[in-house]
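S.K.:
Residue numbers (this note's numbering): 3 to 407.
As structure tokens, then:
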């Protein structure tokens, strides 16, 4: 299965040529950067989760003097400090363009939706680098207990079967998520002008600067409304109390939704916006205390969103678009950590951390497309199982080539 997914990557995405274009900052490299990139992608495709584990596999090779042909863990780590991140972003863009042309990327509720959010990748009280952010985690007044951590903002495309990861931007020491996301949104709007129509974010992104930035590139925006002290919130509550909701059901959830257009209540964004209030009741069945008995329970949740999507977008689709924000947590951050060891720091430096995440996005995008479109065996019904099959073949290949491609 490892050779199959690598051959698929080269056949449809020309992966080997993309790897050849990756460069680093070494003056006289003895091992080509493309070999380093192949090694990193091999580690990520089969979910080894460790440079040392990759190094140890050389011991079972049947090829003599393989140590001089395969980069060591220390070499991979050292080169990752200077890998050109723009080359990796260009590789991601090439994969996206090919997937888009081949109709591998699908719309969601009739729109191509982007989601932006921040994520913390690692934290430590012992290890740190010049790119670490620092915080005091002591709960005792007057005592200082420093914690070092790395964060980044990510941008993905939402899909009905999988999400497609486009780019990340590190959050540097002393700056917030909005500063980093501003650079990220500007870059993806320039590099992917037709990839998405609307960007969804959490309550942090309900800022005039974000809405104005996206509007300048012809994009719509949607964000969660949480702050009960804001005039927008009070206006939405008042208008919802004097108007009738739209009621509909979707699977086991009943929705009562109010849609109000409000203007002049947001100083930093001058245009009218739609404020959506959604009361959702989800019916669930779970086991009771007695064997063979079931209990029915209901979970209720209230949501408020602000968006500048035009009225032509139906209310039901607007609610689905706003809820699509969860895909960045479930389909990107959680899956990457639980299945692909994304929280493991292969090399503790700012450039290396970003480089490994971009490499992981390359592997994940190809893997998700491969799983959705190329796997016909009904027994392979979970990505985690496919990862284990890829890893098993990778290890059993016994390195009959410098890297078993």
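Beta carbons: idealized from backbone N, C-alpha and C, even for Gly. This one's a predicted model, so the numbers in the text were calculated from it and none came from an experiment.
#1: So, helix, strand or coil for residue 22, using DSSP?
#2: For residue 391, collect the residues of the same chain with a Cβ closer than 6 Å to its Cβ; drop the 5 residues on either side in sequence, then sort them by chain order.
#3: Buried or exposed for residue 90, please, with buried defined as at least 16 other CB atoms from any protein chain shown within 10 angstroms of its CB.
#4: When the Cα of residue 353 is compared with those of 27, 52, 41 and 312, which residue comes out closest?
#5: Assign residue 376 to one of three DSSP states: helix, strand, or coil.
#6: For residue 270, which three-state DSSP category applies?
#7: Less than 8 Å between the CB atoms is what I'm expecting for residue 264 and residue 277, so what's the real figure, rounded?
#8: What are the start and end residues of the alpha helix (DSSP H) that includes residue 169?
#9: Using the beta-carbon count (16 or more within 10 Å), is residue 171 buried or exposed?
#10: Which one of 84, 273, 23 and 48 has the shortest CA to CA distance from residue 389?
#11: Please identify the residue among 327, 334, 367 and 17 whose C-alpha is closest to the C-alpha of residue 202.
#12: Which of the three DSSP states, helix, strand or coil, is assigned to residue 130?
#13: Could you say if the stretch 248-258 and the stretch 188-200 meet the contact criterion of at least three C-beta pairs nearer than 8 Å?
#14: According to DSSP, is residue 394 helix, strand or coil?
#15: Using the beta-carbon count (16 or more within 10 Å), is residue 129 buried or exposed?
#16: Considering Cα atoms alone, identify which of 17, 29, 115 and 15 is closest to residue 196.
#17: Go through the stretch 202-264 residue by residue and report every complete run of the beta strand (DSSP E) that reaches 3 residues or more, in order.
#18: Using C-beta distances below 6 Å, list every residue in its chain close to residue 396, excluding the 5 sequence neighbours before and after it, in chain order.
#19: On a Cα-Cα basis, can you pick out the residue from 305, 163 and 146 that is closest to residue 225?
#20: Please go through the same chain and pick out, in chain order, the residues whose beta-carbon is closer than 6 Å to the beta-carbon of residue 56, but skip the five residues on each side of it.
#21: The alpha helix (DSSP H) with residue 299 in it runs from where to where?
#22: In the DSSP output, what is residue 158 paired with across the bridge?
#23: Could you please give the first and the last residue of the uninterrupted beta strand (DSSP E) stretch that includes residue 337?
#24: Verify whether the separation of the beta carbon atoms of residue 107 and residue 161 is less than 8 Å.
#25: Answer with buried or exposed for residue 398, where buried requires no fewer than 16 other C-beta atoms within 10 angstroms of its C-beta.
#26: Between the Cα of residue 185 and those of 82, 212 and 96, spot the shortest distance and give me the residue it belongs to.
#27: Say whether the stretch 228-238 touches the stretch 285-302, bearing in mind that this needs 3 or more beta-carbon pairs closer than 8 Å, one atom from each stretch.
#28: Taking the alpha helix (DSSP H) that residue 318 belongs to, which residues open and close that run?
#29: Out of 318, 227 and 222, which one is the CA nearest neighbour of residue 257?
#30: On the CB-based measure, 16 or more other CB atoms within 10 Å of its CB, does residue 286 come out buried or exposed?
#31: Buried or exposed: where does residue 366 fall if 16 or more other Cβ atoms within 10 Å of its Cβ makes it buried?
#32: To the nearest angstrom, how far is it from the Cα of residue 10 to the Cα of residue 313?
#33: Looking only at its own chain, which residues have a Cβ that is under 8 Å from the Cβ of residue 311, when we skip the five neighbours before and after it?
#34: Residue 372 and residue 42 - do their beta-carbons sit closer together than 8 Å?
M.R.: The short version:
#1: The sequence position of residue 22 within the chain shown is 20, counting from 1. In the structure shown, residue 22 sits in a helix (DSSP, three-state: H, G or I).
#2: Numbered from its first residue, the chain shown carries residue 391 at position 389. So the qualifying residues of the chain are 3.
#3: Against the chain shown, residue 90 aligns to sequence position 88. So residue 90 ends up on the buried side.
#4: Residue 353 sits at position 351 when you count from the first residue of the chain shown. Nearest of 27, 52, 41 and 312 to residue 353, Cα basis: 27.
#5: Here residue 376 refers to the residue found at position 374 of the chain shown. Under the three-state reduction of DSSP, residue 376 is assigned to coil, being neither helix nor strand.
#6: If you number the chain shown from 1, residue 270 lands on position 268. It is coil, neither helix nor strand.
#7: One-based indexing of the chain shown puts residue 264 at position 262. One-based indexing of the chain shown puts residue 277 at position 275. Sure, about 5 Å apart at Cβ, within 8 Å.
#8: In the chain shown, the residue the question calls residue 169 occupies position 167. Here residue 169 belongs to no alpha helix (DSSP H); instead the beta strand (DSSP E) covers 166-173.
#9: For the purposes of this step, residue 171 is identified with residue 169 of the chain shown, where counting begins at 1. Buried, since its Cβ has 16 or more Cβ neighbours within 10 Å.
#10: What you label residue 389 is simply residue 387 of the chain shown in a count that begins at 1. When each option's Cα is compared against that of residue 389, the closest is 48.
#11: Start at 1 with the first residue of the chain shown, and residue 202 comes out as number 200. Comparing Cα-Cα distances from residue 202 to each of 327, 334, 367 and 17, the minimum goes to 327.
#12: As a first step, residue 130 must be located in the chain shown, where it is residue number 128. Residue 130: coil per DSSP, three-state reduction.
#13: no
#14: As a working note, residue 394 is residue 392 in the chain shown. Three-state result, residue 394: helix.
#15: Walking along the chain shown from the start, residue 129 turns up at place 127. Exposed, because fewer than 16 other Cβ atoms sit within 10 Å of the Cβ of residue 129.
#16: Position 194 of the chain shown, counted from the start, is the residue given in the question as residue 196. Comparing Cα-Cα distances from residue 196 to each of 17, 29, 115 and 15, the minimum goes to 115.
#17: Segments of the beta strand (DSSP E) lying fully in the stretch 202-264: 222-226, 248-252 and 255-264.
#18: Counted from its first residue, the chain shown places residue 396 at position 394. Only 4 and 48 meet the Cβ criterion.
#19: For the purposes of this step, residue 225 is identified with residue 223 of the chain shown, where counting begins at 1. Minimum Cα distance to residue 225 is reached at 305.
#20: Residue mapping note: residue 56 aligns to position 54 of the chain shown, counting from 1. Here the set comprises 45 and 50.
#21: As a first step, residue 299 must be located in the chain shown, where it is residue number 297. It is not in any alpha helix (DSSP H) - residue 299 instead sits in the beta strand (DSSP E) that spans 296-309.
#22: Here residue 158 is taken as the residue at index 156 of the chain shown, counted from 1. DSSP lists 117 and 167 as partners of residue 158.
#23: Here residue 337 refers to the residue found at position 335 of the chain shown. Where residue 337 is concerned, there is no enclosing beta strand (DSSP E), although the alpha helix (DSSP H) it sits in stretches over 337-342.
#24: The residue given as residue 107 occupies position 105 in the chain shown. The residue given as residue 161 occupies position 159 in the chain shown. Yes, these two residues count as a Cβ contact at 8 Å.
#25: Numbered from 1 along the chain shown, position 396 holds the residue referred to as residue 398. Around the CB of residue 398, fewer than 16 other CB atoms lie within 10 Å, so the residue is classed as exposed.
#26: Numbered from its first residue, the chain shown carries residue 185 at position 183. Closest by alpha carbon: 212.
#27: no
#28: In the chain shown, the residue the question calls residue 318 occupies position 316. Note, residue 318: alpha helix (DSSP H), 317-325.
#29: Locating residue 257 in the chain shown gives position 255, where the first residue counts as 1. The option with the nearest alpha carbon to residue 257 is 318.
#30: Along the chain shown, one-based indexing puts residue 286 at 284. With fewer than 16 other CB atoms across the displayed protein chains lying within 10 angstroms of its CB, residue 286 is exposed.
#31: Locating residue 366 in the chain shown gives position 364, counting from the first residue. Burial call: buried.
#32: Looking up residue 10 in the chain shown gives position 8. Looking up residue 313 in the chain shown gives position 311. Residue 10 and residue 313: Cα-Cα distance of roughly 42 Å.
#33: As a first step, residue 311 is located in the chain shown; it is residue number 309 there, counting from the start. Taken in chain order, the residues that qualify are 200, 222, 224, 276, 320 and 323.
#34: By one-based count along the chain shown, residue 42 stands at place 40. By one-based count along the chain shown, residue 372 stands at place 370. Their beta carbons are not under 8 Å apart, which means residue 42 does not touch residue 372 by this criterion.
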